[in-house]
Amino acid sequence: MTEPSWMSDTRERIRAVESGGTSEKSGPLLSIRNLSKHFPIKRGLLGRTAGAVRAVNDVSFDIARGETLSLVGESGCGKTTTGRSILRLIEPTEGRIDFDGRDIRRLGASALRAVRREMQIIFQDPVSSLNPRMTIGAAIREGIRIHRLAEGAAANAIVKRLLEEVGLRGEYATRYPHEFSGGQRQRIGIARALAVEPRFIVCDEPVSALDVSVQAQVINLLRDLQRDRQLTYLFIAHDLSVVKHMSDRVAVMYLGKILELASAEDLYREPMMPYTQALLSAVPVPDPRIRKERILLQGDVPSPASPPPGCVFHPRCHHPAKDAACAKIVPPLEEKAPGHFVACIKQPPTLVSWEQQQEAGGVNPPVRYLPVVEQLSRSDN
Amino acid sequence: MNEPPAPLLSVENLSTWFHTPAAIAKSVDGVSFSVAPGEMLGIVGESGCGKSVTALSILRLIQQPGRIEPGSRIMFEGNDLVTLDDSAMRHIRGNRISMIFQEPMSALNPVFTVGDQVAEVVRIHGEGSRKDAWKRAVEMLSLTGIPDPEERARQYPHQLSGGMRQRVLIAMALVMNPALVIADEPTTALDVTIQAQILELLVDLQKRFGTSILLITHDLGVVAETASRVVVMYCGEVVEEADVETLFSAAHHPYTEGLMQAMPQLGESRDRLNVIPGSVPPPTDWPSGCRFRDRCKYSWELCEQQHPPLYQISAAHTSRCHLALEPERRAHPHPPLVEQLGVPA
Amino acid sequence: MIADLPLPFLAKRTVARRLLSNRSALAAIALLLVIIIPCVAAPAFAPYDPSVQPDIIGLRSQGPTAAHPFGTDPFSRDVLSRVLYGGRVSLAVALVATLVSITLGTAYGAIAGFAGGAVEAVMMRILDALLSIPRLLLLIAIFAAWRQLPLAGFVGIIGLTGWYGLSRIVRGQVLAIKGEEFVVSARALGAGRARILLKHILPNILTPVIVAAALGVGHVILLEAGLSYLGIGVQQPEPSWGNIIQDGSDQIAGLWWISFFPGMAIVLTVMAFNVLGDALREALQPRHMGAE
């Protein structure tokens, strides 16, 4: 099957845009285009489709080999659904998912199983992510069995080695999940994912349910593993401090759309999307001397079943130039600084021309709005 | 020198143990602290340290097999809450001391409107008609920042968002203008932007009504922003107490120090996080001597032999650590015992 | 944050320990052993052959004596021996029929719950239709029409009509487990549907199945007793608790022992299975450890 020309053009542009990427192979490991997942809402006796919850709405991004891309956002933004859709644990409604150049949406059951080896997932909840009726050794061994990577004693040896690699004792393999603490269960989950030797791991809020001191242990472990095994991560989280620590690049999601995508440094230093600014401002800082100017958002997160028209964030936006155009025009995700993509028609530069905005009822021309958020500029402790 | 005002709440040597057939879980083991009128005290600790059980004990909400052990005293407005009779205790709950729970959805009854639930608190404790109670409820909902309170009061919990529900809980807690509000992880279940709103609300309401707040949380950031004094708990005990500036600039106890270093922070650069190796011991099996010694990088023989008392580090700063006796040892950290024994248990 | 934790029950030691520390469960188990063992080993325990009629004139209809602790019936057969042999039949019918029911119920419910979509919908509607047929009346109709049914057929038909309730429960449980993250994880690892169903889902839904089994046995004993009493169950001269009661039923005031002892056997056995079923439900239940 030959590739349509627009696809190879896209690849060229991605390669040009990608920062870093000193890998032998070229091209991103994962390439997502126009990914959408809609959950139909059924009403009435006959289950008529009355609308859809647009959990993920036209999302596109790439992940380079060996990089960690984080998806952040609050509840309902679609980050978990995105992660699971990429692995086809939830079937996407639309879109293209290229893993190492292959469109995995087209794969049939057995080809998909083979690819499953390479793309794994770590879950948030250490309680429900392990089968309470299986020993942890059996749980880790399962992947090895399914893909016939080893048998009997050889498989057990691999299990022991993995347990040690994640910081547990090899002899724990005969114990049951309930005998372990939350942090230990997360490690077991990581060992299970590593058993099939994947190249890409979706980390779905892996530390959100853990205490602070345990979080630190697991975060360090994930980073060590990434370095030792050349893993690529899609890191899904809502805790911005953790995300900053773990990521190369960050994508901010809201109501199913990506509103900002940039390197971690750029995002935290100079967030351009008003939502990101508010998000960063809301994080409580453990230093009582710093009383910051908080950007308080009004109201609550709307339901993904009825997202606002135009820019999904506009009802709560505090950008001084916000006006009627924001409710009509869906802002494209545009590159406003090198490698820094933002979806906001009021934050220059923008390809949505002033005429177009006026036509949609706009009265305020775009103006750069970067409120000073003090704690980001304080020097390191 | 001003005399400090008499404390509003004084918890003295509180112990709450759970007597199960397998073992006794000493979730709270000799905890003492006090809350002054109009003050916001933060209780910080990770899961298993006993902070929630402490809160439930104050309001005598502990069920079998848990029990407040003899020798515990909780002084509030001249009464010892531990020995108070049931009807007097009911008079206090919701009225003089109220509680805000962590999970707004499960703390609200799904079959009653939120207005009814707030009004119910008024009807239990106050006089006046149903109409008066309803009016007061709507007033309170408005004070907690709920837009269109008249309409919202007629809605059911599932029709409100997480942030709104938490505001309803806050309204229920404050409607009788209590002297003390215990907030048990009030923002943990909320998104960070909503958390910011709720924290601002709590601080605002506290200033307005002069209520004391006992804020229980695991999040040091929340405490830094809102509390004036902090108590740090570990393994059922208070391990450090100080005003918030002192705690964050000059923490004494190695656990507190470890917690602060383990937190990834927005201002920092990317490198390895300092971890506290090992894990929290179970409440059925507290270690002898200092309960933190296996994970501590300063421990020495004394720490195993003698359970440290709360040493007075300065006027308003106490710490349960023998380093108070030999501070020079802080210059010589070593790998904690758990690391020396191999892989963390 | 996450307070620890309701512990799911799997270590068999702990289930056994909980069960045995429950007094009523112990009593129930003891009672069942006292009843079941002699019945199963009836040839060893029964003092006489149950169909032998040694002395129709002299020994007929005698009340309980030392030689015949449960008395004799109008045909001078020893009631105790008949009760023991009858117990063998009644218990065997109950156990096998229940086994058939739980197997069918679990399989049907698991497949329906797991398959989802149209398949599940159709299966559930069929189930609804089956559930609307009153079981007892159906059984009476079948057995009355088909008098010469062999025992195996009798057992089979009882088993085939007793699985509907369990399959509904199993389907509900399967739906609940299907969404658990460890199942998603198995899919992510590449597990096929069969593996997921057998290794991940089934072991986690055993609790209601085991409880249903214990309660089911008691239920079938009653059912069989009733049908045999009506004369359409186990046929004479094969004894079963139900038809022994029948034997004594027309003279129940005078020859009370003939109906009393098998009746007591039924009551005690069913009660014991019910208590055991409840105790198993308790023992298999995840428990909370107080608070954090």
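Chains as they are written, first to last, in the numbering used here: chain H, 1 to 381; chain B, 1 to 345; chain Z, 1 to 292. C-beta atoms are modelled at their ideal positions from N, C-alpha and C, and glycine is treated no differently.
The three-state secondary structure of residue 40/H, taken from DSSP, is strand. Of all C-beta pairs linking the region 224–235 of chain B to the region 115–134 of chain H, fewer than three are shorter than 8 Å, placing the two stretches out of contact. In this structure, the CA atom of residue 155/Z is about 10 Å from the CA atom of residue 234/Z.
Interface criterion met: the Cβ of residue 75/H is under 9 Å from a Cβ in chain B. At a C-beta separation below 8 Å, residue 213/H has these neighbours in chain B: 46, 258, 259, 262, 275, 276.
Assignment of beta-bridge partners to residue 120/H by DSSP yields 201/H. Closest option to residue 140/H, judged by alpha-carbon separation, among 177/H, 105/H, 104/H: 177/H. In this structure, residue 280/B keeps its C-beta atom at 9 Å or more from the C-beta atom of residue 321/B. CA-to-CA, the gap between residue 263/H and residue 342/H works out to about 12 Å.
For the alpha helix (DSSP H) assignment, the uninterrupted runs of no fewer than 4 residues enclosed by the region 219–284 of chain Z are, from N- to C-terminal side, 241–249, 256–284. Look at residue 85/B here: in three-state DSSP terms it is coil, with no helix or strand label. Note on geometry: alpha-carbon atoms of residue 136/Z and residue 203/H lie some 55 Å from one another. Using beta-carbon distances, residue 194/Z does not count as an interface residue toward chain H, since no partner is under 9 Å. Separation of residue 25/Z and residue 272/Z (C-alpha to C-alpha, rounded to the nearest whole angstrom) is 8 Å.
Identification of chain H residues near residue 187/Z by a Cβ-Cβ cut-off of 7 Å yields 89, ordered along the chain.
Within the same chain, and ignoring the five residues on either side of residue 333/B in sequence, the residues whose Cβ sits closer than 7 Å to its Cβ are 297, 298. Only residues of its own chain outside the window of five on either side were considered, and among them 73, 258 have a CB closer than 7 Å to the CB of residue 247/Z, listed in chain order. DSSP places residue 311/B inside the beta strand (DSSP E), whose first and last residues are 311–314.
For residue 235/H, the uninterrupted beta strand (DSSP E) segment begins and ends at 232–237. Under DSSP, residue 17/B forms a beta bridge with 67/B. For the pair residue 44/B and residue 55/B, the Cα-to-Cα distance works out to about 12 Å.
Chain-ordered, the chain B residues with CB closer than 7 Å to the CB of residue 288/H read 224, 244, 245, 248. By DSSP's assignment, residue 191/H forms no beta bridge with any residue. When the five nearest sequence neighbours on each side are left out, the beta carbons in the same chain lying within less than 7 Å of the beta carbon of residue 69/Z are those of 80, in order along the chain. Within 7 Å of the CB of residue 122/Z, no CB atom of chain H is found; the nearest one sits about 15 Å away. In the DSSP assignment, residue 282/H falls within the alpha helix (DSSP H) that extends over 274–282. Under a criterion of Cβ atoms nearer than 8 Å, the residues of chain B adjacent to residue 294/H are, in order, 196, 200.
With respect to the 9 Å criterion, residue 252/B and residue 317/B are classified as neighbours on the basis of their beta carbons.
For residue 268/H, the enclosing alpha helix (DSSP H) begins and ends at 264–269. Residue pairing of residue 25/B in beta bridges, as defined by DSSP: 18/B.
Residue state for residue 333/H is assigned as coil, using DSSP reduced to three classes. Residue state for residue 79/B is assigned as strand, using DSSP reduced to three classes.
In chain order, 150, 155, 158, 159, 195, 196 place their CB closer than 8 Å to the CB of residue 144/H, counting only its own chain and leaving out the 5 sequence neighbours on each side. Chain-ordered, the chain H residues with CB closer than 7 Å to the CB of residue 184/Z read 89. Looking at the DSSP output, residue 233/B sits in a beta bridge with 238/B.
Rounded to the nearest angstrom, the Cβ distance from residue 91/Z to residue 39/Z is 6 Å, consistent with a contact under 8 Å.
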